[in-house]
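Q: Quick note: the sequence shown uses the numbering used here, first residue 253, plus one each step.
For glycine and all other residues, C-beta sits at the position ideal for the given N, C-alpha and C.
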Amino acid sequence: MEPDARTFTREEAEALLPEIDRLLAEAQNLAERLRGTERQAQAEQSRARANGQVRPGAAPAVSDAERRAIGAQLSTLLERIHDMGVVLRDIRAGLIDFPSPREGRIVYLCWRRGEPFEIRWWHEIDAGFAGRRPL
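In structure tokens, the structure reads:
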């Protein structure tokens with residue numbers, strides 16, 4: 253963790269959950285769209301190689317520009333989440349950690365998208381999701 257990173261009380265973290273949930277939903281949607289365009293581009297390349305039907309200048313179903321635009325939107329959202337001071341652990345799972353002081357040390361308050369908008373779990377910095385404990 254960065255030395256002057258923001259820390260959160262449970263109440264401060266919970267106040268951010270609706271906004272984080274909204275941003276995560278949008279980021280998850282964009283990440284899935286990006287994965288879909290990449291799968292589609294790979295499938296097009298495989299078909300073209302397999303049947304020898306490579307047409308010079310043929311426009312792909314999904315353009316590189318479209319993939320770059322989706323990637324840029326996703327990067328912007330992830331930066332906004334990071335700028336809030338939280339740690340995004342897993343975009344697919346919507347797993348977020350909030351650095352928080354606890355008994356003289358920093359721990360993570362842990363929340364996963366789909367859980368109620370309240371923080372119920374925490375874990376040591378080096379423990380990860382598997383080490384979550386109830387508050």
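From PHE260 to VAL339, what does the alpha carbon distance come to, in whole angstroms?
A: Distance between the alpha carbons of PHE260 and VAL339 is about 12 Å.
Q: Secondary structure at PRO368, three-state DSSP: helix, strand or coil?
A: Residue state, collapsed to three classes: coil.
Q: Please report how far the alpha carbon of ALA379 lies from the alpha carbon of TYR360, in whole angstroms.
A: Approximately 9 Å, taken between the alpha carbons.
Q: Use the C-beta contact count for ILE272: other C-beta atoms within 10 angstroms, 16 or more gives buried, fewer gives exposed.
A: So ILE272 ends up on the buried side.
Q: Expressed to the nearest angstrom, what Euclidean distance is found between the alpha-carbon atoms of GLU278 and GLU318?
A: If I take the Cα positions, the gap works out to 17 Å.
Q: Determine the closest residue to ARG287 out of ARG385, ASP335, ARG344 and ALA265, with distance taken between C-alpha atoms.
A: The shortest C-alpha separation from ARG287 is found at ARG344.
Q: In the DSSP output, what is SER352 paired with across the bridge?
A: Partner(s): VAL359.
Q: Tell me which residue opens and which closes the alpha helix (DSSP H) that ASP316 is part of.
A: Note, ASP316: alpha helix (DSSP H), 316-335.
Q: What are the start and end residues of the beta strand (DSSP E) that includes VAL339?
A: 339-342 is the span of the beta strand (DSSP E), which, as asked, contains VAL339.
Q: Return helix, strand or coil for ARG384, following the three-state DSSP convention.
A: In this structure, ARG384 counts as coil in the three-state DSSP scheme.
Q: On a CA-only basis, which of GLU264, ALA257, ARG258 and GLU284 is nearest GLY346? Give me that one, please.
A: Per the Cα distances, GLU284.
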